[in-house]
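Numbering (my numbering), first residue to last: 51 to 252. Down below is the structure, laid out as structure tokens.
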């Protein structure tokens, strides 16, 4: 089996699902590939570079479709669909949210982002506001994924204990939020607020 960047990334993502980001080591990855660790440096200069490639690979299929808005597509519906698809992709990998913090924009994304900015400019946004909107939705999506995956990780802390006599409203709110916590609903609530606010600005 010939070792190349694509194979290394594919095996690394499988290993990520097994051991998580904290357990991912170049030594273990090399073992799974049947090579010595130094062989990996022929393809990646550092672990950081490998993590970036893994983060990019997670979303390559999503972006290849969603970074090409259909003609006359509604910008708000398209942004919402894009956010949902990114969330699903990241949740499909263990620690997908944390790993995505290593991602960096690539030249392959420029055409899609240019089309998105054209769409939003046509809806009345300034380019500055459009960029803020894109980053706000990205931050909401990534933050929601990290919060969900962190809460479900082994060893995650349990629920908070609130003094009901002193903080009755807070105690009630925390109880409502933690009892059968619905992460889909939480994400959609925040997404709705952002999209609604953006519609009002367009």
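Note that CB positions come from ideal geometry on N, CA and C, so glycine has one too.
Open item on the list: Do residue 187 and residue 107 count as a contact pair if the criterion is CB distance below 8 Å?
Closed with: As a working mapping, residue 107 is identified with position 57 in the chain shown. As a working mapping, residue 187 is identified with position 137 in the chain shown. Result no, Cβ atoms of residue 107 and residue 187 do not sit closer than 8 Å.
- [ ] Determine the closest residue to residue 137 out of 235, 248, 247 and 251, with distance taken between C-alpha atoms.
- [x] Locating residue 137 in the chain shown gives position 87, counting from the first residue. Considering only alpha carbons, the answer is 235.
Open item on the list: Nearest by alpha-carbon distance to residue 59: which of 124, 93, 86 and 69 is it?
Closed with: Locating residue 59 in the chain shown gives position 9, counting from the first residue. Nearest to residue 59 by C-alpha distance, out of 124, 93, 86 and 69, is 93.
Task: DSSP-derived helix/strand/coil call for residue 151 - done: In the chain shown, the residue the question calls residue 151 occupies position 101. Correct three-state label for residue 151: coil.
- [ ] Compare the Cα-Cα distances from residue 230 to each of 246, 220, 202 and 244 and report the closest residue.
- [x] One-based indexing of the chain shown puts residue 230 at position 180. Comparing Cα positions, the closest option is 202.
- [ ] Evaluate contact between the segment 169-188 and the segment 233-251, counting only Cβ atoms and requiring at least three cross-stretch pairs below 8 Å.
- [x] Flag = yes, the segment 169-188 and the segment 233-251 touch.
Task: Cβ neighbour criterion (16 or more within 10 Å) applied to residue 147 - done: As a first step, residue 147 must be located in the chain shown, where it is residue number 97. By the neighbour-count criterion, in which a residue is buried when 16 or more other Cβ atoms sit within 10 angstroms of its Cβ, residue 147 is buried.
- [ ] Decide if the segment 62-74 is in contact with the segment 88-105; the criterion is three or more beta carbon pairs, one per stretch, under 8 Å apart.
- [x] Yes: at least three Cβ pairs fall under 8 Å.
TODO: May I have the straight-line CA-CA distance separating residue 67 from residue 149, to the nearest angstrom?
DONE: For the purposes of this step, residue 67 is taken as residue 17 along the chain shown, with counting starting at 1. For the purposes of this step, residue 149 is taken as residue 99 along the chain shown, with counting starting at 1. When rounded, the distance between both Cα atoms is 12 Å.
Open item on the list: Would residue 198 and residue 163 qualify as a contact pair, given that the criterion is a beta-carbon distance under 8 Å?
Closed with: The sequence position of residue 198 within the chain shown is 148, counting from 1. The sequence position of residue 163 within the chain shown is 113, counting from 1. No, they are not a contact pair.
Task: Straight-line gap, residue 261 to residue 252 (C-alpha atoms, nearest Å) - done: The structure shown has nothing for residue 261, since the chain only spans 51 to 252.
- [ ] Pull up the distance between the alpha-carbon of residue 110 and that of residue 200, whole angstroms please.
- [x] As a first step, residue 110 must be located in the chain shown, where it is residue number 60. As a first step, residue 200 must be located in the chain shown, where it is residue number 150. Residue 110 and residue 200 have their alpha carbons spaced roughly 24 Å apart.
- [ ] For the alpha helix (DSSP H) containing residue 164, list its first residue and its last residue.
- [x] Here the question's residue 164 lines up with position 114 in the chain shown. Residues 160-172.
- [ ] With a threshold of 16 other CB atoms inside 10 Å of the CB of residue 215, please say whether the residue is buried or exposed.
- [x] Start at 1 with the first residue of the chain shown, and residue 215 comes out as number 165. Counting every other CB atom within 10 Å of its CB across the protein chains shown gives residue 215 a total below 16, marking it as exposed.
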